[in-house]
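Taking it in order: structure first as structure tokens, then the write-up.
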Amino acid sequence: MSRDNKPASPAPLGATVTDTGVAFGVYSETAEKIWVCLFDSQDEETDRIELTRGEANRWSGHVEGIGENASYGLRADGRYDPAQGYYFDPNKLLVDPYARRIDRTFVRSPKLRLTRDESVDTAPLVPKALVQGPVREQLWEPDTSRPHLIYELNVRPFTMRHPSVQGPLRGTLAGMTTGYVVEHLKHLGVDVVELMPIAGWIDDGHLPSLGLTNVWGYNPITYFATDPRIIPRGPQSLRHMVETYRDAGIRVVLDVVYNHTGEGDSQGPVISMKGLDALTYYRHVEVDGAMELVNDAGTGNTLRCDHPAVQDLVIDSLRYWVTEFGIAGFRFDLATVLGRSLDGFSRDAELLERIRTDDILKDCLLIAEPWDPGPGGYHVGQFGEPFIEWNDQYRDTVRRFWRGEDHMIGALAGKIAGSADQFNHDGRKPSASVNFLAAHDGFTLADLVAYENKHNDANGEGNRDGHDANYSWNNGAEGETDDTAITTARRNDIRALLATLFVSHGSLMLTAGDEFGRTQGGNNNAYAQDNEITWLDWENADGDLVNFVASLSDMRRNHPAFRSDKFLTGEKSDGFKDVMWVRPDGAEMTKEDWNRPDSGVLGMFLHEAGEVLLVWFNRLREAVEVALPPEQGLNFEVALVSAIDVEIVVKNASLTLPPRSVVILAHTNGKS
């Protein structure tokens, strides 16, 4: 059954409602024919309308008599030669790259990757796009303020077991708007929630046979449409969530994956862009006469971000999230891909420059994961303003210091002082470094101090997946234990790590659940565990730890010296050094002190932002007596002790640091 395509001028890409119907626009350089296919409520194809090729490789058409919520897909025909990058097959129903909404989740099937000569109609297997109505009132309000605390969050695991989220709301974005959830975030002092991917994704190819599913979402097919498994009620749920959080003083940031799609390598499914124009949307390289997909993202394909059509797709979708939903910013997964060409990475790449200078995006919070697994893919500190960047070297340095490795005290000081070795150039500031202890990828904070080795057997890959360099320790037993001394040591280590984070110069990120001791049983790559391994166990949350994190957040907010956006240099201003690093006897560290391999105690004496503070770090497993720096007329009181159930008194210009602890002293007006 077919319907004539009414001649029309080139339409915007995607589906646009008009006064009399819907205008469709698709980009393809290599297709020979493209159709829009309409579907009824029974998922049966009712019409197939051929689009017209116009200028600049834009295919368009107008279909009268349909409107909002019309169900559609695309088909394309042309050359079929996967070895040369052509996958055209009209039997493959394709999801519009500009689809604003899809009617179901993506499900893998061998039929999605059959060759053309053996293919079958895949329409029953592929989500249909739903035409979205006119743009609603814009919710965007520019906010370029520095974040106080970024909170990385995976919607489904966060809400699956939350006691205030009931019934069908569990595992969904709607569950994020309950009063108890919002109050928990406010209690922690969170002002930026970073949602792990919410755009429509598909399981990795090897997971179905293992009975596993991808719960992280880093395998997208769509870039505009949300995934129905976590947002079943459609875009209005996201809009409501953003409004709710805005009222609570919390910005919402999306984790976006513009480095690859779930269509995978040449043997992967043909669901969207691969079937429309693989050579345009994905990077290829010629090898022995064949065009092979580049795999810089480590997933089988890599977006061709130096192509204008791909850049437009990225920019258009980013602007859509901001203007339609009020999203305040983005965290770019494997962000170096955005700046890659066949010549390698450039911070001045066209797409990165377009994001920096876009009228809307330049006022968003832009967070880069500044690496990818491809050749020359590591570029921490090299993205430039206005991006801020995940700093894995901060993470590893803090871990290695508290783990007890030699020659780490100088590196620790450098990271606490703002990571100048990475970011002090081109006018950048410490806030460009996103400091974190743990993230979705790797050990949880609780597992970091309870497991020396990863335990990923549940992932079905013989424990070969996941990072091996975790810089973790177990405090005397691997995993769960009833030994009170070990569990207490672990709790103290977690608190010392957190205190280190909150006194560090830079931007801070905490991953959901680490504030109350979440565990994944030692699994450091739990992307495929949509079960109790990743679902946050709110019932057994450590409430004391939650309150401790809240107290750290309040302390940082109330002490400008910790929030100062200046690199600590040790240079004098107004007669005082902004920081003086001191040893246990209160004297300033010497070159010899810095070079001692086993140094485990360090004082940070701050004269910054009009404050005088002294922070002690003791990673030793015994108490240590330390002296205050001999500065005339200063009196200190204890502001915070990380160790559990320990009280400290400053007496005779000295105090005793508990084992494995951070102690913060604040200057008072009293005389010594």
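Residues in the sequence shown are numbered from 36 upward in steps of one, following this note's numbering. All C-beta atoms, glycine included, are put in the ideal place defined by N, C-alpha and C.
- The alpha-carbon separation between Val647 and Val372 amounts to approximately 43 Å.
- In the three-state reduction of the DSSP assignment, Glu298 falls in the coil class.
- When the beta-carbon positions are compared, Leu533 and Leu480 come within less than 9 Å of each other.
- Around the beta carbon of Thr261, a 10 Å sphere encloses 16 or more other beta carbons of the protein chains shown; the residue is thus reported as buried.
- For Ser272, there is no enclosing beta strand (DSSP E); the enclosing alpha helix (DSSP H) covers residues Pro270 to Asp282.
- Counting the other Cβ atoms within 10 Å of the Cβ of Glu657 gives fewer than 16, which makes it exposed.
- In this structure, Leu483 keeps its C-beta atom at 9 Å or more from the C-beta atom of Asn498.
- For Asn509, there is no enclosing alpha helix (DSSP H), since its DSSP letter is neither H nor E.
- When rounded, the separation of the alpha-carbon atoms in Pro177 and Arg286 is 11 Å.
- Sequence-distant partners of Met590 (beyond 5 residues in either direction) whose C-beta falls short of 8 Å from its own C-beta, in its chain, are Phe537, Phe597, Ala674, Leu675 and Ile699.
- Taking a C-beta distance under 9 Å as the contact criterion, Phe141 and Pro162 qualify as a contact pair.
- The three-state reading of DSSP puts Ala363 in coil, since its state is none of H, G, I, E or B.
- When only Cα atoms are considered, Asn558 and Thr53 end up about 51 Å apart.
- Looking at the DSSP output, Cys72 bridges to Arg83 and Gly108.
- In the displayed model, Gly638 falls within a strand according to three-state DSSP.
- The C-beta of Tyr429 has 16 or more other C-beta atoms within 10 Å across all chains shown, which makes the residue buried.
- Per DSSP, His219 lies in no beta strand (DSSP E) segment; the continuous alpha helix (DSSP H) that holds it begins and ends at Gly214 to Leu223.
- A distance of 9 Å or more separates the beta carbons of Thr315 and His295.
- A distance of 9 Å or more separates the beta carbons of Glu218 and Ala547.
- Gly445: not part of any beta strand (DSSP E); member of the alpha helix (DSSP H) spanning Ile444 to Ile451, first to last residue.
- Residues Glu623 and Phe640 of the same chain have their beta carbon placed closer than 6 Å to that of Met615, with the five preceding and five following residues left out of the count.
- Annotated as proximal: Asn336 and Gly303, with beta-carbon spacing under 9 Å.
- Cβ contact annotation for Leu663 (same chain, cutoff 6 Å, sequence separation greater than five): Gly621 and Ala688, in chain order.
- Residue Arg434 holds the alpha-carbon nearest to the alpha-carbon of Lys450 among Asp461, Asp226, Asp441 and Arg434.
- For Asn593, the number of other beta carbons within 10 angstroms of its own is below 16, and it is reported as exposed.
- If you draw a straight line from the Cα of Arg530 to the Cα of Ala576, it is about 15 Å long.
- Between Gly453 and Leu603 a beta carbon distance of about 6 Å is seen, short of the 8 Å cut, so the two are scored as contacting.
- Taken through DSSP and simplified to helix, strand or coil, Met195 comes out as coil.
- Judged by DSSP secondary structure, Arg286 falls within the beta strand (DSSP E) whose first and last residues are Arg286 to Val291.
- Ranked by Cα distance from Leu387, the first of Ile350, Val650, Arg526 and Pro410 is Ile350.
- Under the three-state reduction of DSSP, Asn630 is assigned to helix.
- Looking at the DSSP output, Lys607 shares a beta bridge with Lys612.
- Per the Cβ contact rule, the region 360 to 372 is in contact with the region 395 to 407 (3 or more Cβ pairs under 8 Å).
- By the neighbour-count definition (other C-beta atoms within 10 Å, threshold 16), Lys127 is a buried residue.
- Within its own chain, the residues whose Cβ lies closer than 8 Å to the Cβ of Leu223, once the five positions on either side in sequence are excluded, are Leu184, Tyr186, Leu545, Glu550, Val581, Val584, Ala585 and Ser588, listed in chain order.
- Glu103 carries a coil assignment under DSSP once its states are collapsed to helix, strand and coil.
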